[in-house]
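K.L.:
Its first residue numbered 38, the sequence shown is counted upward by one per residue in this note's numbering. Following this message is one structure expressed as structure tokens.
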Amino acid sequence: MRCPYCGNPDTRVIDSRPAEDKSSIRRRRSCDECGRRFTTYEKVETIPLIVIKKDNNREQYQRSKIEKGILSACYKRPVPAEDIQKTIDAVELEIFNREEKEIPSSVIGEIVMEKLEDLDPVAYVRFASVYREFKDVNTFMDELKKFLQ
Numbered sequence: 038m039r040c041p042y043c044g045n046p047d048t049r050v051i052d053s054r055p056a057e058d059k060s061s062i063r064r065r066r067s068c069d070e071c072g073r074r075f076t077t078y079e080k081v082e083t084i085p086l087i088v089i090k091k092d093n094n095r096e097q098y099q100r101s102k103i104e105k106g107i108l109s110a111c112y113k114r115p116v117p118a119e120d121i122q123k124t125i126d127a128v129e130l131e132i133f134n135r136e137e138k139e140i141p142s143s144v145i146g147e148i149v150m151e152k153l154e155d156l157d158p159v160a161y162v163r164f165a166s167v168y169r170e171f172k173d174v175n176t177f178m179d180e181l182k183k184f185l186q
């Protein structure tokens, strides 16, 4: 690994441990030339996942879209940020464990709803109302009845 300070091509690994996200390795390194220390993260390179949208367009998977949806559903709810992050991680883990190169957005939506149901009932209903595109109060009530049973 090249030193970011002096450009020396040889550096030493001082410490290695799993990073906070548990999907990468955090390494503390030291440069033998200038003596400075720096941190690197090593992550497995994965094949990009393609999401098939409702209109059959395809786009590359973006974690930020799941984060945005879950954060919106949990807005002003008494759900700890740590639990929200764990839910996002669980959704992503389930998506990637399918080992598919393409996944329909509807499958992702169902996974998110399943995880939100366990996290917070109000967040679940909020997400469902947008995801399932409730047209009127009766559709909304039908979903609530399913949830309450």
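The C-beta atom is built at its ideal place from N, Cα and C for all residues, glycine as well.
Any contact of the region 71-83 with the region 52-63, i.e. 3+ C-beta pairs under 8 Å?
P.N.:
The region 71-83 is in contact with the region 52-63.
K.L.:
What residue does the alpha helix (DSSP H) around residue 148 start on, and which one ends it?
P.N.:
Start and end: 142-156.
K.L.:
Between the alpha carbons of residue 118 and residue 91, how many angstroms are there, rounded?
P.N.:
Going by the C-alpha atoms only, they are around 30 Å apart.
K.L.:
Taking the C-alpha atoms as reference points, what is the distance between residue 115 and residue 70?
P.N.:
Each residue's Cα considered, the two are about 51 Å apart.
K.L.:
If you reduce the DSSP assignment to three classes, tell me which class residue 92 lands in.
P.N.:
Note: residue 92 maps to coil in three-state DSSP.
K.L.:
Could you say if the region 152-163 and the region 96-116 meet the contact criterion of at least three C-beta pairs nearer than 8 Å?
P.N.:
As far as the Cβ criterion goes, the region 152-163 touches the region 96-116, which means the pair count is three or higher.
K.L.:
In terms of DSSP beta bridges, what is residue 52 paired with?
P.N.:
According to DSSP, residue 52 bridges with 65.
K.L.:
Between which two residues does the beta strand (DSSP E) holding residue 123 run?
P.N.:
Run containing residue 123: none in the beta strand (DSSP E); it sits in the alpha helix (DSSP H), 118-134.
K.L.:
For residue 74, which beta-bridge partners are listed by DSSP?
P.N.:
DSSP lists 67 as partners of residue 74.
K.L.:
Judging by CA-CA distance, which residue of 145, 51 and 172 is the nearest neighbour of residue 88?
P.N.:
That would be 145, whose Cα lies nearest to the Cα of residue 88.
K.L.:
With a threshold of 7 Å on Cβ separation, who are the neighbours of residue 65 within its own chain once the five nearest residues in sequence on each side are excluded?
P.N.:
Once the five neighbours on either side are set aside, the close Cβ partners of residue 65 are 51, 52, 74 and 76.
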